[in-house]
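In order, the protein sequences belong to chains R and F.
Each residue of the first sequence is one higher than the one before, starting from 10 at the first, in this note's numbering.
Each residue of the second sequence is one higher than the one before, starting from 14 at the first, in this note's numbering.
Quick reminder that beta carbons are idealized off the backbone N, C-alpha and C, glycines included.
On a predicted model such as this, the values are computed, not experimentally measured, just so you know.
What follows is a single structure, written as structure tokens, with notes after it.
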Amino acid sequence: DAMVIQNPRYQVTQFGKPVTLSCSQTLNHNVMYWYQQKSSQAPKLLFHYYDKDFNNEADTPDNFQSRRPNTSFCFLDIRSPGLGDAAMYLCATSIETDYEQYFGPGTRLTVT
Amino acid sequence: GESVGLHLPTLSVQEGDNSIINCAYSNSASDYFIWYKQESGKGPQFIIDIRSNMDKRQGQRVTVLLNKTVKHLSLQIAATQPGDSAVYFCAENMWTSYDKVIFGPGTSLSVIP
Numbered sequence: 010d011a012m013v014i015q016n017p018r019y020q021v022t023q024f025g026k027p028v029t030l031s032c033s034q035t036l037n038h039n040v041m042y043w044y045q046q047k048s049s050q051a052p053k054l055l056f057h058y059y060d061k062d063f064n065n066e067a068d069t070p071d072n073f074q075s076r077r078p079n080t081s082f083c084f085l086d087i088r089s090p091g092l093g094d095a096a097m098y099l100c101a102t103s104i105e106t107d108y109e110q111y112f113g114p115g116t117r118l119t120v121t
Numbered sequence: 014g015e016s017v018g019l020h021l022p023t024l025s026v027q028e029g030d031n032s033i034i035n036c037a038y039s040n041s042a043s044d045y046f047i048w049y050k051q052e053s054g055k056g057p058q059f060i061i062d063i064r065s066n067m068d069k070r071q072g073q074r075v076t077v078l079l080n081k082t083v084k085h086l087s088l089q090i091a092a093t094q095p096g097d098s099a100v101y102f103c104a105e106n107m108w109t110s111y112d113k114v115i116f117g118p119g120t121s122l123s124v125i126p
């Protein structure tokens with residue numbers, strides 16, 4: 010089945026130690042998104058790619074970076090995780106930016 | 014700033030009853046609205062959407078109503094089942110320099126057996 014896959018599902022990292030989360034899709038969608046979701050809150054958009062064009066949200070900290078080497082894969086790099094970065098990170102895809110998004114199961118990040 | 018908000022943070026309904034989840038939006042330029050369901054430990058799942066040229070859209074057991082005059086969106090779930098227990102988010106799509114989806118704060122629906 011076509012789907013959005015996120016690895017790992019759970020990630021523990023140390024304060025200040027770089028970490029990379031990965032997302033892959035078999036839907037061949039143009040757009041890939043990264044969201045941060047904290048407990049009992051709505052997903053917050055960090056950035057998205059339309060094909061290779063990167064769109065960063067104005068309030069996304071510089072500590073968060075992203076790469077999309079090809080259509081299928083997208084990575085979220087957190088250069089120096091702080092305790093406040095502990096959250097669920099959701100990857101989503103859509104065929105176009107004004108169509109519904111398909112979400113992966115998320116990666117829960119713990120910072121110790 | 015522009016935002017999407019929900020009137021009720023929690024909602025409890027009896028199994029078999031109908032559920033109505035409400036959402037208010039403030040950006041009159043928004044032209045596409047989506048409802049997502051998020052179960053515990055999972056990513057949001059698309060339920061139904063509606064574009065601004067419509068005021069009603071029906072799916073299987075779900076109906077979305079859009080009232081552009083008062084900037085209000087609702088999700089109706091018929092014959093609510095225990096499997097409907099989840100957090101429901103409305104989201105609006107607005108154009109800035111690109112299409113951007115903004116999620117509302119969410120409503121937690123609990124179905125009482």
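Asked, Found
"Straight-line Cα distance separating LYS47 of chain R from GLY117 of chain F", "14 Å"
"Residues that THR22 of chain R bridges to, as DSSP identifies them", "R:VAL120"
"CA-to-CA distance, LEU79 of chain F to MET41 of chain R, given in whole angstroms", "27 Å"
"CB contact below 8 Å: GLN20 of chain R versus chain F", "no"
"GLY18 of chain F burial status per 10 Å Cβ neighbour count (16 or more: buried)", "With a pLDDT of 48 at GLY18 of chain F, under the threshold of 50, the modelled position of this residue cannot be trusted; read the value that follows with caution. Result: exposed."
"Contact with chain F by PHE73 of chain R, beta-carbon distance below 8 Å", "no"
"GLY96 of chain F burial status per 10 Å Cβ neighbour count (16 or more: buried)", "exposed"
"7 Å Cβ cut-off: residues of chain F touching ASP107 of chain R", "TYR45, ASN106, ASP112"
"Interface residues of chain F facing PHE112 of chain R [CB-CB closer than 9 Å]", "TYR49, GLN51, LYS55, GLY56, PRO57, GLN58, PHE59"
"Interface flag, ALA95 of chain R vs chain F, CB-CB below 8 Å", "no"
"Chain F contacts from the segment 50 to 61 of chain R (Cβ-Cβ distance under 9 Å)", "GLN50, ALA51, PRO52, LYS53, LEU54, HIS57, TYR59"
"Contacts that PRO36 of chain R makes with chain F (C-beta to C-beta distance below 8 Å)", "The sequence shown places Leu at residue 36 of chain R, not Pro. Near LEU36 of chain R there are no residues of chain F at all, since even the closest Cβ is about 12 Å away, more than 8 Å."
"Contact between the segment 75 to 85 of chain R and the segment 39 to 58 of chain F (3+ Cβ pairs under 8 Å)", "no"
"Distance between beta carbons of LEU118 of chain R and ALA96 of chain R, contact taken as under 8 Å", "6 Å"
"VAL77 of chain F - containing beta strand (DSSP E), residue span", "75 to 80"
"Cβ contact check for the segment 57 to 76 of chain R and the segment 61 to 68 of chain F: 3 or more pairs under 8 Å", "no"
"Beta-bridge partners of MET107 of chain F, as assigned by DSSP", "F:LYS113"
"Short CB-CB distance (under 8 Å) between GLY117 of chain F and chain R", "yes"
"Test: GLY25 of chain R CB closer than 8 Å to a CB of chain F", "no"
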